[in-house]
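Enquirer: Chains as they are written, first to last, in the numbering used here: chain V, 18 to 278; chain E, 18 to 278.
#1: From residue 238 of chain E to residue 249 of chain E, what does the alpha carbon distance come to, in whole angstroms?
#2: Should residue 277 of chain E be flagged as near chain V, meaning a C-beta pair shorter than 7 Å?
#3: Does chain V have any CB closer than 7 Å to the CB of residue 99 of chain E?
#4: Could you run through the stretch 188-211 of chain V and flag, in chain order, every residue whose CB is less than 8 Å away from some CB of chain E?
#5: Taking residue 103 of chain V and residue 158 of chain V to be in contact with their CB atoms under 8 Å, please state how far apart those CB atoms are, rounded to whole angstroms.
#6: Are any of the Cβ atoms in chain V nearer than 7 Å to that of residue 169 of chain E?
#7: Three or more C-beta pairs closer than 8 Å, one from the stretch 160-172 of chain E and one from the stretch 213-231 of chain E: is that the case here?
#8: Round the Cβ separation of residue 179 of chain V and residue 50 of chain V to the nearest angstrom and send it over; I've been treating them as touching at under 8 Å.
#9: Please report the distance separating the alpha-carbon of residue 117 of chain V from that of residue 221 of chain E.
#10: Who does residue 223 of chain V pair with in a DSSP beta bridge?
#11: Listed from N- to C-terminal order along the chain, which residues in the stretch 71-84 of chain V have their beta-carbon within a distance smaller than 9 Å of any beta-carbon of chain E?
#12: In angstroms, rounded to a whole number, what distance separates the CA positions of residue 75 of chain E and residue 145 of chain E?
#13: Rounding to the nearest angstrom, what Cα-Cα distance links residue 97 of chain E and residue 134 of chain E in this structure?
#14: Alpha carbon to alpha carbon, how far is residue 85 of chain E from residue 27 of chain E? Give it in angstroms, no decimals.
#15: With DSSP as the reference, label residue 250 of chain V as helix, strand or coil.
#16: Once the 5 residues before and after residue 188 of chain V are set aside, which same chain residues still bring their CB inside 6 Å of it?
#17: For residue 90 of chain E and residue 57 of chain E, I'd like the C-alpha separation in whole angstroms.
#18: Could you please give the first and the last residue of the uninterrupted beta strand (DSSP E) stretch that includes residue 94 of chain E?
#19: Please state the DSSP three-state secondary structure of residue 262 of chain V.
#20: Is residue 31 of chain E helix, strand or coil when you go by DSSP?
#21: Where does the unbroken beta strand (DSSP E) through residue 86 of chain E begin, and where does it stop?
#22: Is the distance from the Cβ of residue 161 of chain E to the Cβ of residue 190 of chain V below 7 Å?
#23: From which residue to which residue does the beta strand (DSSP E) around residue 103 of chain E run?
#24: Check whether the Cβ of residue 244 of chain E lies closer than 7 Å to any Cβ atom in chain V.
#25: According to DSSP, which residues form a beta bridge with residue 26 of chain E?
#26: Please state the DSSP three-state secondary structure of residue 243 of chain E.
#27: The alpha helix (DSSP H) that contains residue 138 of chain V, what's its start and end?
#28: Is residue 162 of chain E close to chain V? Criterion is C-beta to C-beta, closer than 7 Å.
#29: Go through its chain and collect everything with a Cβ distance to residue 182 of chain E's Cβ below 6 Å, but skip five positions before and after it.
#30: Can you tell me where the alpha helix (DSSP H) with residue 130 of chain E in it begins and where it stops?
#31: Using a beta-carbon distance below 7 Å, is residue 184 of chain V in contact with chain E?
#32: Could you tell me whether the Cβ of residue 159 of chain E comes closer than 7 Å to any Cβ of chain V?
#33: Take residue 241 of chain E as the anchor and find which of V:164, V:119 and V:155 has the nearest alpha-carbon.
#34: Between the C-alpha atoms of residue 257 of chain V and residue 251 of chain V, what's the straight-line distance to the nearest angstrom?
#35: Can you tell me the Cβ-Cβ gap for residue 61 of chain V and residue 88 of chain V, rounded? I've got them flagged as a contact below 8 Å.
#36: Assign residue 143 of chain V to one of two classes, buried (16 or more other C-beta atoms within 10 Å of its C-beta) or exposed (fewer than that).
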């Protein structure tokens with residue numbers, strides 16, 4: 018399976034950092050964004066920018082810093098935006114709807130896909146977003162977490178929010194899966210029948226409840242999600258046991274010689 | 018609404034860091050865990066521990082470091098565990114099932130709720146998990162992200178995975194919502210009827226298609242998710258406009274005097 022592409026519409030979603038104090042956080046935020054396919058960073062009145070520290074923490078995401086837009090006000094960062102989400106973890110006496118990332122994200126993705134500009138707005142490390150900044154946004158988003166210790170730092174919040182966004186793009190990790198060869202129910206049943214015959218042949222069933230036993234094993238093997246190669250290995254093993262017992266040749270017609278025997 | 022409690026069963030889910038190199042990452046991971054209600058940290062052969070750097074980066078989560086368990090092998094960290102998830106971002110030629118956090122998490126929560134011990138296993142910062150380490154786990158979990166730049170650092174991966182876990186606990190952020198007073202459809206309709214009368218009274222409808230206009234406004238107000246207080250403000254405004262036009266007294270029987278008039 019080929020490596021999937023990051024969807025193009027993610028370029029319509031920007032991250033806005035309002036008045037960030039620490040250059041390191043700008044770098045870490047850039048890195049977090051890029052891991053989740055976002056590239057457009059807006060910085061409102063950054064205390065220090067550009068900086069070596071930001072570049073260092075951005076690691077392979079220095080390109081995000083190099084193309085970042087520095088603006089003097091939040092309004093400037095949001096001028097062409099239709100939906101601006103204020104990330105906040107405080108109770109606010111505002112009538113702007115409050116939701117969690119998982120609820121908000123599908124709408125953001127849909128709007129970005131239509132070509133609308135969407136912003137995720139994060140406040141200063143110490144003070145968060147001011148009331149004036151929040152009022153310029155039309156959504157409040159709160160990341161759920163431990164009510165007694167909610168201490169997500171800035172870059173962590175960017176990471177969680179962008180992860181949530183990315184998880185709704187439909188880009189999956191299937192390209193990392195090895196080429197599986199799942200066995201069918203029929204193949205599993207054939208293998209269990211072979212096991213049943215083997216247990217009989219080698220005398221394991223004597224004075225035991227063979228029916229109950231094989232039923233349990235059948236359930237176990239059906240649950241295990243077997244691959245075809247594993248079935249081959251198991252059947253090779255059974256065949257060998259049958260041979261040692263002087264049985265089995267021709268007794269299970271669906272068994273073929275294979276390399277494991 | 019009261020602040021919710023972190024569910025007790027989260028204590029059955031541990032984070033295992035295998036051979037972490039950088040003390041700072043141990044501290045950041047502890048902080049990430051605690052923000053999502055996890056407290057049990059296992060460290061397999063940490064290069065440096067305890068350390069001042071870890072304590073500094075743990076911020077308010079030093080208690081997680083103080084109660085951390087240091088073990089010499091991954092096996093020791095997993096001895097009493099039923100489900101161990103190996104966090105990995107590489108393609109592995111293994112038949113262990115690979116899934117994303119959102120797929121895996123409901124099962125982990127269900128098992129922890131039943132009292133089983135669950136582990137999230139993270140590898141070394143540079144090398145990830147070794148093949149021997151992955152083989153001791155019965156799940157592979159990959160965080161989805163940019164296929165061309167997948168550079169989540171250790172603490173970020175812990176943050177994303179524990180966020181995903183927490184999001185399935187049912188602990189929500191409703192306690193942060195202001196006490197809303199959503200208007201009913203009937204209240205919205207009453208307000209729009211009042212607006213309709215007002216527009217008539219002040220002569221705004223002359224030579225305009227009043228029916229089409231009020232229909233559009235009605236749709237807009239129904240969409241806006243109005244609160245009761247907002248309806249009071251609007252009706253106060255309409256009443257004042259009606260008075261200026263020498264109209265309105267008694268003409269809209271459902272309007273009552275209120276503080277805004």
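Every residue, glycine too, gets a C-beta built ideally from N, C-alpha and C. Source: prediction; values computed, not measured.
Expert: Let me lay it out:
#1: 14 Å
#2: In this prediction, residue 277 of chain E has a pLDDT of 43, which is less than 50 and means its spatial position is unreliable; what the coordinates show is noted afterwards. No, residue 277 of chain E lies away from the interface with chain V (no Cβ there is under 7 Å from its Cβ).
#3: no
#4: 188, 189, 190, 192, 193, 194, 195 and 197
#5: 7 Å
#6: yes
#7: no
#8: 6 Å
#9: 42 Å
#10: Beta-bridge pairing links residue 223 of chain V to no other residue.
#11: 76, 77 and 78
#12: 22 Å
#13: 7 Å
#14: 15 Å
#15: helix
#16: 21
#17: 17 Å
#18: Premise fails: residue 94 of chain E lies in the alpha helix (DSSP H), 91-95, not in any beta strand (DSSP E).
#19: coil
#20: strand
#21: 86-88
#22: yes
#23: 100-104
#24: yes
#25: DSSP, once it has assigned bridges, lists no residue as partnering residue 26 of chain E.
#26: coil
#27: No alpha helix (DSSP H) contains residue 138 of chain V, which is instead part of the beta strand (DSSP E) from 135-139.
#28: yes
#29: 122
#30: 118-130
#31: yes
#32: yes
#33: V:155
#34: 10 Å
#35: 6 Å
#36: exposed
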